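Asker: One structure coming up, written as structure tokens, with questions to follow.
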Amino acid sequence: METQFSSALLENAVTEISRLPGIGRKTALRLALHLLRRDEREAVALGQAIIDLRRGIRYCKVCHNISETEECAICVSPARDHSTVCVVENVRDVMSFEATGQFRGVYHVLGGLISPVDGIGPDMIEINSLEERVEGGGVSEVILALSATMEGDTTNFYISRRLARFEALKITRLARGMSVGNEIEYTDELTLGRSLLERVPYEV
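Encoded structure:
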């Protein structure tokens with residue numbers, strides 16, 4: 000097969016790098032050529048870091064956050080309030096909330112949002128495990144901290160219906176400091192922290 004470049008190795012590197020989100024072939028080529036100009040040890044270190052990441056990272060069996068052990072550092076921390084569970088869409092949202100320094104509870108990562116258009120139903124995200132977690136006892140509040148989108152609102156509604164049978168459970172949502180349509184990861188830390196601290200009871 001004829002390659003675009005003079006080297007099939009370069010072609011292969013560009014192809015693989017361009018598979019990353021937000022990186023086209025021109026950017027991939029620039030990165031590949033940059034690595035060629037650097038000391039070989041830097042390229043080897045980068046490659047090894049990626050391999051270690053892929054092989055070493057797992058998901059917490061409690062909250063589904065990324066971890067290097069069965070349970071993540073947040074879930075095992077005695078300094079966290081384990082009675083307050085903040086429900087988020089993905090791992091990036093956990094990082095966003097942690098960056099605010101305003102939340103001392105624990106998390107539950109859904110791994111997505113309900114989206115019939117995209118063929119994503121309730122059974123395809125971690126809602127069953129959230130219900131089991133509440134059923135296990137010790138949880139007094141669930142904060143629905145999902146993006147202010149149609150998918151986020153749909154998921155909020157579904158979760159609130161699933162958890163409605165726990166009469167003593169307090170279900171809250173973020174204050175509407177975020178504009179409608181905004182995603183958590185693109186909201187600034189100040190707004191996100193205020194929305195969390197000023198959370199309100201969830202009402203259908």
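Quick note: the sequence shown uses numbering that gives the first Met the number 0, first residue 0, plus one each step. Virtual Cβ for every residue (Gly too), placed ideally from N, Cα, C. Please read these numbers as outputs of a predicted model, since none were measured by experiment.
With V84 and I124 assumed to form a contact (beta carbons below 8 Å), what rounded beta-carbon distance in angstroms separates them?
Answerer: At roughly 15 Å, the Cβ-Cβ gap does not stay under 8 Å, so V84 and I124 are not in contact.
Asker: Could you say if the region 66 to 74 and the region 130 to 140 meet the contact criterion of at least three C-beta pairs nearer than 8 Å?
Answerer: Verdict: no, contact absent.
Asker: According to DSSP, K204 sits in a beta bridge with which residue or residues?
Answerer: With the chain covering only 0 through 203, there is no way to say anything about residue 204.
Asker: Alpha carbon to alpha carbon, what distance is there between I126 and S146?
Answerer: Rounded to the nearest angstrom, the two C-alpha atoms are 16 Å apart.
Asker: Please check the pair G151 and L189, which I expect to be a contact at CB under 8 Å, by giving their CB distance rounded to whole angstroms.
Answerer: About 21 Å; that fails the 8 Å criterion.
Asker: According to DSSP, what are the bridge partners of S66?
Answerer: Its beta-bridge partners are R57.
Asker: Could you tell me which of F165, R164, E202 sits nearest to T153, measuring between CA atoms?
Answerer: Closest option to T153, Cα to Cα, is E202.
Asker: Anyone know if the C-beta pair for L109 and V87 falls short of 8 Å?
Answerer: For L109 and V87, yes; Cβs fall inside 8 Å.
Asker: So within the region 1 to 29, which uninterrupted alpha helix (DSSP H) runs reach at least 4 residues, ignoring any that extend past its ends?
Answerer: The region 1 to 29 contains these whole alpha helix (DSSP H) runs: 7 to 16.
Asker: According to DSSP, which residues form a beta bridge with P200?
Answerer: BP columns for P200 point to T171.
Asker: Which residues in the same chain have their Cβ closer than 7 Å to the Cβ of R205, if we skip the five residues on either side of it in sequence?
Answerer: Outside the shown range of the chain (0 to 203) lies residue 205, about which nothing can therefore be said.
Asker: Under 8 Å by Cβ, that's how I've got H255 and G120 pegged, so tell me the actual separation to the nearest angstrom.
Answerer: One cannot answer for residue 255 here, as it falls past the ends of the chain, which runs 0 to 203.
Asker: How long is the line joining the alpha carbons of G21 and E166, rounded to whole angstroms?
Answerer: Roughly 45 Å separates the two Cα atoms.
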